[in-house]
Structures are given as structure tokens and as C-alpha cells.
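Everything below concerns the one structure shown next.
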Amino acid sequence: MRRAVGRPLALRPVRGPLGEPSMIGRRHFLAATSAYAFVASAGGARVSSSPVRDLPMPGVRDIAPPRRFVEEPAKVSLDRGWLFHRGDIAFPEVKGHGWSYANAKAGNAQGAAAVDFDDTDWSVVDLPHDWAILAPPVPDANVSQGYRKRGFGWYRRALRLDPADDGKYIELQFGAIATNATIWFNGNVVAHNWSGYNSIYIDVTALARFGDDLNSIAIRVDADKMEGWWYEGAGLYRGAWLAIRPATHIVTDGIHANPRRDAAGGWTVPIVATLDNS
662 MRRAVGRPLA
672 LRPVRGPLGE
682 PSMIGRRHFL
692 AATSAYAFVA
702 SAGGARVSSS
712 PVRDLPMPGV
722 RDIAPPRRFV
732 EEPAKVSLDR
742 GWLFHRGDIA
752 FPEVKGHGWS
762 YANAKAGNAQ
772 GAAAVDFDDT
782 DWSVVDLPHD
792 WAILAPPVPD
802 ANVSQGYRKR
812 GFGWYRRALR
822 LDPADDGKYI
832 ELQFGAIATN
842 ATIWFNGNVV
852 AHNWSGYNSI
862 YIDVTALARF
872 GDDLNSIAIR
882 VDADKMEGWW
892 YEGAGLYRGA
902 WLAIRPATHI
912 VTDGIHANPR
922 RDAAGGWTVP
932 IVATLDNS
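Each residue of the sequence shown is one higher than the last, beginning at 662 in my numbering.
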């Protein structure tokens, strides 16, 4: 069996209308390579070629436009400046009438969830954060979880809000937390979450403080709870944000589009927006 050998064909990179690299289409590749004809005969291999001067550039319709994400103008990242403690911290045992009454009041969380808890010896971390992957493998740990111990962990963060935002809607958002989590805001339990695979949106408008008064976020994470047979990580392994919106606003994930095709083959796209007034 004879094989025709010719010079390698040099293809110039194709770029889209915004300058981004693009995959060359099959039609353009065939058009370019057809200029090289390989003919095998019993007497040997003959190669005939014609130069390729102008490789046709793909049109706009041949390139998928880049996907753009439009963030809320007043959505603030909370990824930096967290304090972390690996391991659980037991809540103090409440004793006596006075302590019992105080413990029952809003904002009087105890232990590591308390607003004035001393966290000066905690580690400073940024999100996304997975404490399990930072630990060395342990031979007797679960192989499905990468031989990493998961256990419990605590996160804390303080933030200050602009007085100009008083009267607006304030929402605390977490991309995901592995796995079970209890979240306090200014010493109040505001959420329990039981999965590491969902986002968490928390309305903290009524609890927010503005100006010189700091706001406190505390999160207790139980990562011993497994949901999969793969490595799942532990902690705040996605981002965190604070969404600040006008009192009347579209709720998070509150826009729903339901495309419908009519009898003539055209399309209509009814859109439903859910509003809230805080």
C-alpha cells in the first residue's frame, strides 16, 4: 500500500468578530484541504497542489456569541476576609433564670455564633474555601472522599453597611455550603441548610445595621454528612455575596421565560417577573 506524502497544510487561526479564537468550520476546512489533490498510481505516488491564498473567513452566523453574565450593580462580593476555625465549638450550657431569659431574646446567640465572640486566633481565609482538601490523606478515612477527614468547621465575618442603603432590601447569598449549615446574622438564626448542592438566599433586611455598627455573620458547618459517592469537599466552597436592592425589586431568580411556538411556526416568549416590596 502506497501513501501519498505532501507538505503539511498551514491553517491560519480564525478569529470571531470580537477577536476571540474560534474553531474553524468543517465547510471551511474542506474548502482549504481540497486544494491539495493526492493521486496514487501503480508506478508511485504523485502529488499535485495549488496554493491556498485566501482562506474564507467565517461569517458572524458561524460563531456562537460569547456568553455574557450581567451582575447586579449593587451586588457586593463577600469572598474575602472570612475567619475560619476547623472543628466544632460547643455551645455553653445555659443556666439560671437571667441567662435563660437573655438566651431567649433575639440577637443573643451563644458561643461562636455570638456577635461578640472572640475569634482573634482564627485563620483568615478567602472563598471559595474547602478545608478538607487542605488536610493530609488519612489511611482510615473514606476512600470515596479522597481519604480526607471532613468533620465540622466554623466561619465568621463582619461587614459594615452604608447608611445610604438603609430602607433598601438586603439579601445574603451563598453559592453553596458543604454540607449541613446553620447561619446566624447579628446573633439571630436566619437559615438552616441541608445540602451542599444548592444556593442559599437569606433576607436580612430587618436585622441589618448601618453606619458604624458592624454586622456579624456566623456559620456552623457539619461536613460529615455525605450526599454522593465522590469527593465533595467541606465548607464554603463557592462564593458569597450581599445583594442590595430597592425596596420594590425583582426577587432572586424571579424571572421566568416560557417560549411557545405558534401554529405558523413563529415564537412568542411570555415573561413573568415576581416582585417583592420589603
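Built from N, CA and C at the ideal position, the CB exists for glycine as well.
Determine the burial state of residue i: buried for a count of at least 16 other Cβ atoms within 10 Å of its Cβ, exposed for fewer.
i    : result
A904 : buried
E754 : exposed
N938 : exposed
T935 : exposed
L875 : exposed
R741 : exposed
I838 : buried
E888 : exposed
D780 : buried
G894 : buried
S805 : exposed
A925 : exposed
A706 : Residue placement at A706 is flagged as unreliable, the pLDDT there being 44, under the threshold of 50; a coordinate-derived value is accordingly withheld.
For residue i, report the span of its beta strand (DSSP E) as first-last.
i    : result
N849 : N849 to N854
Y808 : From DSSP, Y808 is part of no beta strand (DSSP E); its letter is neither H nor E.
G915 : T909 to A918
A879 : N876 to D883
S738 : K736 to S738
S939 : S939 -> no beta strand (DSSP E), and no H or E assigned at all.
W902 : A901 to R906
F871 : No beta strand (DSSP E) contains F871, which DSSP labels as neither H nor E.
Q834 : Y830 to F835
A842 : N841 to F846
W743 : W743 to R747
D864 : I861 to D864
With a cut-off of 8 Å on the beta carbons, I'd call residue i and residue j a contact; round off their distance for me.
i    : j    : result
A842 : N859 : Rounded, the Cβ-Cβ distance is 11 Å, inconsistent with contact.
R809 : I794 : 7 Å
A773 : W815 : 5 Å
F871 : D826 : 7 Å
V933 : H917 : 5 Å
If I follow the unbroken alpha helix (DSSP H) through residue i, where does it start and stop?
i    : result
H790 : Taken as a continuous stretch (DSSP letters only), H790 belongs to no alpha helix (DSSP H), as it is neither H nor E.
W891 : Per DSSP, W891 belongs to no alpha helix (DSSP H) and is neither H nor E.
S761 : H758 to A765
I'd like to know whether the C-beta atoms of residue i and residue j end up nearer to each other than 8 Å.
i    : j    : result
F813 : V882 : yes
G896 : W783 : no
D885 : R811 : yes
G900 : S761 : no
I861 : A852 : yes
H790 : F835 : no
T840 : G828 : no
I863 : L833 : yes
P931 : R922 : no
A735 : N849 : no
V799 : W743 : no
Have a look at the options and flag the residue whose alpha-carbon is nearest the alpha-carbon of residue i.
i    : options                   : result
W845 : A765, D749, D740 and A775 : A775
G748 : A796, A735 and N764       : A796
L908 : A770, T866 and A925       : The sequence given here places Ala at residue 908; Leu does not occur at that position. Looking at the Cα atoms, T866 is the closest of the given residues.
R821 : P734, A918 and N847       : N847
Y892 : D914, G807 and P920       : G807
D873 : G915, Y898 and D823       : D823
N803 : W890, A765, K756 and N764 : W890
E733 : A765, D914, G757 and N764 : D914
F942 : I878, N764 and H758       : This structure leaves residue 942 out entirely; the chain is present only between 662 and 939.
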